[in-house]
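Protein sequence lines correspond, in order, to chains E and A. So in numbering that gives the first Met the number 0, the last one in the first sequence is 247, and the numbering has no gaps at all. So in numbering that gives the first Met the number 0, the last one in the second sequence is 265, and the numbering has no gaps at all. Backbone N, C-alpha and C fix where the C-beta goes; we use that ideal spot for every residue, glycine too. Here's the structure, in structure tokens; my notes come after.
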Amino acid sequence: MVEILLEHASVEFSIYNARSRSIRNDLLKRVGGHIGHGVNNDRVVIHALRDINLHLTEGTRLALVGHNGAGKSTMLRLLSGVYEPSAGSALIEGHVSSLLDLSMGMDPEQTGRENIILRAVFLGMSVAQAKALVPEIAEFSELGPYLDLPMRTYSAGMAMRLGFGVSTAIHPDIILMDEMISVGDARFASKAKARLHNMMDKAGILVIASHSSDTLRQYCDRAIWLEEGRIIMDGPLEEVLARAHGTG
Amino acid sequence: MRKNAYFHLALKDIYLGFRQWGLAYLLGVGDTKQRYSRSKLGQFWITLSMLIFIIAIGVVYSFLFHQTLKVFLPYVACNYVIWSWMSASIIDSTTTFVQAQGYIKQTSIPRTVFVLRTLVRNFISMGHNFIIIPLVYLCTQHPVSWTIILALPGFLFILACSFFSCLSIGVICTRFRDIPQIVQAMLQVFMFVTPIMWPVTSLNESARVIVEYNPFAAILHMVTQPLQGIVPSLWEYSLASGTFLVLMVLGLYTFARFRARIVYWL
């Protein structure tokens, strides 16, 4: 059963070392979540997400729309279980994979081979499963002899190939993405895209945050529009895009 | 959220954390490799410098406290190796979650994994340093007694204490970034009031209480006394167990209460 259910979920950050803001700053504010005060007016509180109600079920292809700081990334992290809501509740059923940072967990001093294992274990595999994965990724990433060199010797593109290869080798129930990923040169990019599509097709729930309407149209059918950490519209993709861009 | 829900989630985190033991192990080994990457002796540099320190302290203090070197050197070696492990574990736990913020902010892997990683890293380090003890025993022809098997549960005991203290210290130090300095300063004090580099017999009667009621001494002795052919006293076992219970309650409480807040504080 793959499901995400958010009920009155909020994400609030207390900023302990920030000065309280001035009215002038308030008036000039155009981006970001709502900034409020703590109970005793002694600290600054950022309401990154406020009172979110959302129900995603098997087959959902959801787009997150909103300008910078509207709460899209925070939303992705709430959906991935990184943030447990500071108020309300979040129920997440299913194995989540967030393709937010493909190289997370990789260690520049260790070899490519060791990093494949490390990254795969991070994604929830056992060490034995991870080891079995190495040949397939070695072939996909086309790194050849570099696989036995420390990762610090890799170019950025090579490191991306490896990170992408491992991250897409598993088939999670829920996929979260911040903008569409593209890796490598033209030939590799098309190969990578095919692999990514294969992974996305198998996922029960897909959530993409993007500023590109074309990307969203390609993968999503439903959208939510976030502003100042609130959902101000939830509906079919085209309707939301029209409203968001019409006023935006 | 209800009280028992916090507790339930914390226990789930600990359970899942232990199930992802392989990840904690890989991270711990990776940390060790990274710290000494491209150095020939690697972790053994620490062992070497510790060996020199132990010999120097052992020789000087044996004169200072009128001890026979053949007995005193193994004494210092055992104490110092195990104390270093305990104190390094405590100091490391102050940065457990802060150091892992890159991971914690990106995925929802159980927080316990990072606690275990800290334990693994320090255990590896202790394992290297431990070589000093048989080395010193060999050179001083120190007898080895059957009590040495009692040191094994002692190791497990210290690991368990480290686990729970890491839970609470890790959480508190993530919220209050001044605490790590205080912890370090306090450990220095404890190092001097715990019989590590001086013999208990050098204290006069009235001062013995600082050893008798010192939880660090009791926990230290769980390993060091069996290594030297002494069975720790019943009192020391009780004091150590009592300390463990306090650490466990504190650790579970702080972790249960603030586990979900860790990521917000990073």
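Counting other Cβ atoms within 10 Å of its Cβ, E/Val165 reaches 16 or more and is therefore classed as buried. Residues of chain A with a Cβ closer than 7 Å to the Cβ of E/Tyr153 do not exist, since the nearest Cβ in that chain sits about 16 Å away. For E/Thr56, the CB contacts under 6 Å within the same chain, skipping 5 residues up- and downstream, are Glu2 in chain order. By the Cβ rule, the region 64-73 of chain A does not count as touching the region 143-160 of chain E, because fewer than three pairs are nearer than 8 Å.
The C-beta of E/Val81 comes closer than 9 Å to at least one C-beta of chain A.
When the alpha-carbon of A/Ser36 is set against those of E/Leu90, E/Phe12, E/Glu178 and E/Thr110, the nearest one is in E/Thr110. Between E/Ala69 and E/Leu215, the C-beta gap is not smaller than 9 Å, which leaves the two residues out of contact. According to the DSSP assignment, A/Ser86 belongs to the alpha helix (DSSP H) that extends over Leu68 to Ser92. Contact between the region 248-265 of chain A and the region 164-172 of chain A is present: 3 or more CB-CB pairs across the two stretches fall below 8 Å. Assignment of A/Met125 by DSSP, reduced to helix, strand and coil, places it in the helix class.
Counting only the Cα atoms, E/Ala119 lies some 10 Å from E/Ala131.
Straight through space, the alpha carbons of A/Val262 and E/Asp50 are spaced by roughly 20 Å. E/Asn52 carries a strand assignment under DSSP once its states are collapsed to helix, strand and coil.
Proximity of chain A to E/Met103 at the Cβ level (cut-off 9 Å) is accounted for by Gly101, Tyr102, Gln105 and Thr106, in chain order.
Taking a C-beta distance under 9 Å as the contact criterion, E/Leu5 and E/Leu75 do not qualify as a contact pair.
In the displayed model, A/Trp197 falls within coil according to three-state DSSP, outside both helix and strand. Within the same chain, Thr146, Leu149 and Gln224 come within 8 Å of A/Val230 by CB-CB distance, once the 5 residues on both sides are set aside.
A/Tyr14 has a beta carbon lying at 9 Å or more from every beta carbon in chain E. In this structure, the straight-line span from the alpha carbon of A/Leu25 to that of E/Glu226 is close to 41 Å. Per the DSSP secondary-structure output, E/Met176 pairs in a beta bridge with E/Ile207. For the region 104-123 of chain E, residues whose beta-carbon sits nearer than 9 Å to a beta-carbon of chain A comprise Gly104, Asp106, Pro107, Glu108, Gln109, Glu113, Ile116, Leu117, Val120, Phe121, Leu122 and Gly123. At least one CB atom of chain A sits nearer than 9 Å to the CB of E/Phe12. E/Trp224 has E/Val64 and E/Met232 as its beta-bridge partners, per DSSP. Burial is judged here by how many other beta carbons sit within 10 angstroms of a residue's own beta carbon; E/Cys219 has at least 16 and is buried. For the pair of segments examined, the region 88-95 of chain E was found not to touch the region 186-197 of chain E: the number of CB pairs separated by less than 8 Å stays below three. The beta carbon of A/Ile123 sits closer than 6 Å to those of Thr31, all from its chain and outside the five residues before and after it, given in chain order. Contact between the region 116-133 of chain A and the region 80-89 of chain A is present: three or more C-beta pairs spanning the two stretches fall below 8 Å.
Assigned with DSSP and collapsed to three states, E/Ile115 falls in helix. Of the residues assessed, A/Gln227 falls on the buried side of the cut-off, its CB having 16 or more other CB atoms within 10 angstroms. Leaving aside the five residues that flank E/Ser212 on each side, the residues in its chain whose CB is nearer than 6 Å to its CB run, in chain order, Leu240. Annotated three-state conformation of A/Ala99 is coil, per DSSP. According to DSSP, residue pairing for E/Val10 in a beta bridge involves E/Leu48. Annotation: the continuous alpha helix (DSSP H) that includes A/Ile209 extends over Val208 to Glu211.
Listed in chain order, the non-local C-beta contacts of A/Ile81 below 8 Å within the same chain comprise Met125, Ile157, Leu219, Val222 and Thr223, local neighbours out to five positions each way being set aside. No residue range can be given for A/Ala259, since it is assigned to no alpha helix (DSSP H) and is classified by DSSP as neither H nor E. Identification of chain E residues near A/Gln33 by a Cβ-Cβ cut-off of 7 Å yields Asp106 and Glu108, ordered along the chain.
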